[in-house]
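Q:
Protein chains: 2
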Amino acid sequence: MIGRLVIFGVGLIGGSLALALREANYVREVIGCSRNTVHLQKAVDLGVIDAYVTDPQEAVKDADVVLLAVPMGAMKPLLEQIRPALPTQAILTDAGSTKGSVVAEVNEVFGHDFTRFVPGHPIAGREKSGVEAAVADLYHKRRVILTPQTYTDRKALTQIAQMWQVTGALVEEMPVKLHDEVLAATSHLPHVLAFSLVDTLLNSPQREDILRYAAGGFRDFTRIASSDPIMWRDICLHNGAAILPMIEALKQNLTEFADFIHRQDGEALRQRMEKAKTARDNYIARFESGANS
Amino acid sequence: MIGRLVIFGVGLIGGSLALALREANYVREVIGCSRNTVHLQKAVDLGVIDAYVTDPQEAVKDADVVLLAVPMGAMKPLLEQIRPALPTQAILTDAGSTKGSVVAEVNEVFGHDFTRFVPGHPIAGREKSGVEAAVADLYHKRRVILTPQTYTDRKALTQIAQMWQVTGALVEEMPVKLHDEVLAATSHLPHVLAFSLVDTLLNSPQREDILRYAAGGFRDFTRIASSDPIMWRDICLHNGAAILPMIEALKQNLTEFADFIHRQDGEALRQRMEKAKTARDNYIARFESGANS
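Written out as structure tokens, the structure is:
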């Protein structure tokens, strides 16, 4: 049970957590904080939060758990603002998509002996964003990855793990570096690729015809190019160490495909495609059987 | 109205055309031809074709329209087989995904004065393939692109255009080169990319964790990596001239994204992503309003 939960950034992610915890009566009071009072008032009206505060220092006063659910680029200034006011017993956690950067930022702002920060990443989302899209079951059977450090307080870790379990999430621990590499591969690289593919097509002399004739495959393939540019800019800037080698590996792999096509090596092409298809089909079979959901 | 329609390759594409034409009473008789009698018998059982023949020369005898709906790599040997037996008045057409290669192959086999070949490409598909997946409304409101040459017989062209219109398709004409470039951009490149992305991830030391944690975005993004490797090998081999420059342009664009990340140039990243998102959102809005469906 949590007393006062303070959420910075009451959008899809923070709002859905609030709804799930309130539905389960696992939290006494949820306070939202951001600069946008229109969004915050909407969150109150929708029953997502009990009240809001616009001053970060005032917001964290009397907090038991503080969740940072803001874009990666907003983390550090926020940490600097709340540091003087954070109560001694309060647990700090986040929902950011990259973990190495936020761990480093907390270390810089709070010092290396700060034990009550539990880095977290709920792997869930919807097409829509914002507090209007928040739903109580967003995290049901979805993975939430926590990346504690060796010095992270065990009780704080347990409390954050329990908080996510209450939402129906499957909570796991993972080293920071592995998290950032796995997410770079499965999420960050595909997003960069979708943006880059659409941009490449826009630069083509046939751009009008291309958009006009784009078929269904293009539509699915580029869906994630409709994602929020601010969020993805921040993720790229904060996980470059893991994303850049993946971009390099993909470019190398594309060069190999191009070589096969150039040399008209049908057998090499077929083998590569077959291998990818098999792996992808197996992944989907596992996903649909629930083992990976 | 077509008398005898002969379809080589009675799968999703050929089968759906047969169903639509039969439903509209636009064809007297549909004959299927391939090497696989199990599939052909299934096509008869499903009411897709009236009868089948396994010998290509026998199949085209008395044909009014001959549709080649086989993988690009199977076109030329098939053209060579049917050439001696094709009736003087029969119209030859195809449903291949690349047009330059098939036009060149028909020229090689039938000579440059062959006027009764109408190159075509129905832009439609489903997740499933094979004759079991064939449906009469597959082409409803979908584009069918015809790429006639200057010497193509106008009456033959009109007859093939009408055949596709009967299925509910939106028939358009386009130069061969533009077709191959537009399809390279919107379909062939995304497929190569999906195969290459999955292959890149499989080569990662974290491949097990990557597949285990792959989130929804990955699932959509790589859907087309589950496509048929034979079909896509053939498309790559037959449209290399258009695909290779697109791969090169994409690699260059990815290099620019990587440079922005490396230089931590958030504003350049945001602008690129914003531009892609806006174009993609506009495309989808047009698509959903029906203008592009």
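Residue numbers (numbering that gives the first Met the number 0), protein chains in the order written: chain A, 0 to 292; chain B, 0 to 292.
Glycine included, C-beta positions come from ideal geometry on N, C-alpha and C.
Being a predicted model, the structure only gives us computed values, none of them experimental.
#1: Just to confirm the assignment, what range does the alpha helix (DSSP H) spanning residue 93 (chain B) have?
#2: Taking just the CA atoms, how far does residue 132 (chain A) sit from residue 48 (chain A)?
#3: Quick check on this structure: which residue in B:43, B:239, B:27 and B:21 has the alpha carbon closest to the alpha carbon of residue 33 (chain B)?
#4: Going by the DSSP bridge assignment, what does residue 121 (chain B) pair with across the sheet?
#5: Starting from residue 4 (chain A), follow the beta strand (DSSP E) in both directions and report where the run begins and ends.
#6: Please state whether the Cβ-Cβ distance between residue 6 (chain A) and residue 46 (chain A) is less than 8 Å.
#7: Could you tell me whether the region 235-242 of chain A touches the region 236-253 of chain B, where touching means 3 or more Cβ pairs closer than 8 Å?
#8: Work out the CA separation of residue 208 (chain A) and residue 107 (chain A) for me, nearest whole Å.
#9: Anything in chain A within Cβ reach of residue 228 (chain B), meaning under 7 Å, just list it in chain order.
#10: Report yes or no: do three or more beta-carbon pairs, one from the region 141-154 of chain B and one from the region 165-179 of chain B, lie closer than 8 Å?
#11: Counting pairs of beta carbons, one from the region 279-286 of chain A and one from the region 46-66 of chain B, are three or more of them closer than 8 Å?
#12: Determine contact between the region 99-115 of chain A and the region 193-213 of chain A, defined as no fewer than three beta-carbon pairs at a distance below 8 Å.
#13: Show which residues of chain B have a CB atom less than 9 Å away from the CB atom of residue 160 (chain A).
#14: Determine, for residue 41 (chain A), whether the minimum Cβ-Cβ distance to residues of chain B falls below 8 Å.
#15: Give me, in chain order, the residues of the same chain whose beta-carbon lies closer than 8 Å to that of residue 220 (chain A); leave out the 5 immediate sequence neighbours on both sides.
#16: Among B:10, B:94, B:63 and B:55, whose alpha-carbon lies nearest the alpha-carbon of residue 126 (chain B)?
#17: How close, in whole Å, do the beta carbons of residue 74 (chain A) and residue 85 (chain A) come, if the pair is a contact with beta carbons under 8 Å?
#18: Taking residue 56 (chain B) as the query, report the chain A residues whose CB atoms sit under 8 Å from its CB, ordered along the chain.
#19: Pop quiz: residue 97 (chain A) and residue 182 (chain A) are said to be a contact at Cβ under 8 Å. What is the actual Cβ separation, rounded to whole angstroms?
#20: Which whole-angstrom value is the C-beta distance of residue 14 (chain A) and residue 63 (chain A), which I expect to be below 8 Å?
#21: Can you list the alpha helix (DSSP H) stretches of 4 or more residues lying completely in the region 151-229 of chain A, in chain order?
#22: Under 8 Å between C-beta atoms, does residue 282 (chain B) make it to chain A?
#23: To the nearest angstrom, how far is the alpha carbon of residue 260 (chain A) from that of residue 41 (chain B)?
#24: Per DSSP, what kind of secondary structure is residue 10 (chain B) in: helix, strand or coil?
#25: Taking 7 Å as the line, does the beta carbon of residue 137 (chain B) fall inside it for any heavy atom of the ligand ADP?
#26: Could you check which residue in B:272, B:267, B:18 and B:271 has the C-alpha nearest to that of residue 135 (chain B)?
#27: Restricting to Cα atoms, I'd like to know which of B:224, B:241 and B:265 is closest to residue 269 (chain A).
#28: Counting only beta-carbon atoms, is residue 25 (chain B) nearer than 8 Å to chain A?
#29: Just to confirm the assignment, what range does the beta strand (DSSP E) spanning residue 50 (chain B) have?
#30: Name the chain B residues whose beta carbon is nearer than 9 Å to that of residue 146 (chain A)?
#31: How is the alpha helix (DSSP H) around residue 79 (chain A) delimited, first residue to last?
#32: For the beta strand (DSSP E) containing residue 28 (chain A), name the first residue and the last one.
#33: According to DSSP, is residue 116 (chain A) helix, strand or coil?
#34: Below 8 Å on C-beta distance, what does residue 166 (chain A) contact in chain B?
#35: When burial is assigned at 16 or more other CB atoms within 10 Å of the CB, is residue 76 (chain B) buried or exposed?
#36: Residue range of the alpha helix (DSSP H) that residue 43 (chain B) falls in?
A: Put simply:
#1: It is not in any alpha helix (DSSP H) - residue 93 (chain B) instead sits in the beta strand (DSSP E) that spans 90-93.
#2: 14 Å
#3: B:43
#4: Residue 121 (chain B) is bridged to B:143.
#5: First-last of the beta strand (DSSP E) with residue 4 (chain A): 1-7.
#6: no
#7: Touching, no, given that fewer than three Cβ pairs across the two stretches are closer than 8 Å.
#8: 51 Å
#9: 269, 272, 273 and 276
#10: yes
#11: no
#12: Touching, no, given that fewer than three Cβ pairs across the two stretches are closer than 8 Å.
#13: By Cβ distance, chain B contributes nothing, its closest Cβ being about 17 Å from residue 160 (chain A), past 9 Å.
#14: With 8 Å as the cut-off, residue 41 (chain A) does not count as an interface residue toward chain B.
#15: Contacts found: 193 and 196.
#16: Of B:10, B:94, B:63 and B:55, the residue nearest in Cα terms is B:10.
#17: Rounded to whole angstroms, the Cβ separation of residue 74 (chain A) and residue 85 (chain A) is 14 Å, and the two are not in contact under 8 Å.
#18: Within chain A, no residue has its beta carbon less than 8 Å from that of residue 56 (chain B); the closest one is some 27 Å off.
#19: 7 Å
#20: With a Cβ gap of about 19 Å, residue 14 (chain A) and residue 63 (chain A) do not count as contacting.
#21: 153-165, 175-182, 188-201, 206-212 and 215-220
#22: Yes, contact with chain A.
#23: 35 Å
#24: DSSP places residue 10 (chain B) in the coil class of the three-state scheme, outside both helix and strand.
#25: As for the ligand ADP, it is missing from this structure, which has no ligand bound.
#26: B:18
#27: B:224
#28: no
#29: 50-52
#30: Neighbours of residue 146 (chain A) on chain B: none; closest Cβ ~13 Å, over 9 Å.
#31: Segment 71-81, the alpha helix (DSSP H) holding residue 79 (chain A).
#32: 26-32
#33: strand
#34: What residue 166 (chain A) touches in chain B: nothing, since even the nearest Cβ is about 17 Å away.
#35: Within a 10 Å sphere around the beta-carbon of residue 76 (chain B) sit fewer than 16 other beta-carbons, which makes this residue exposed.
#36: 36-44
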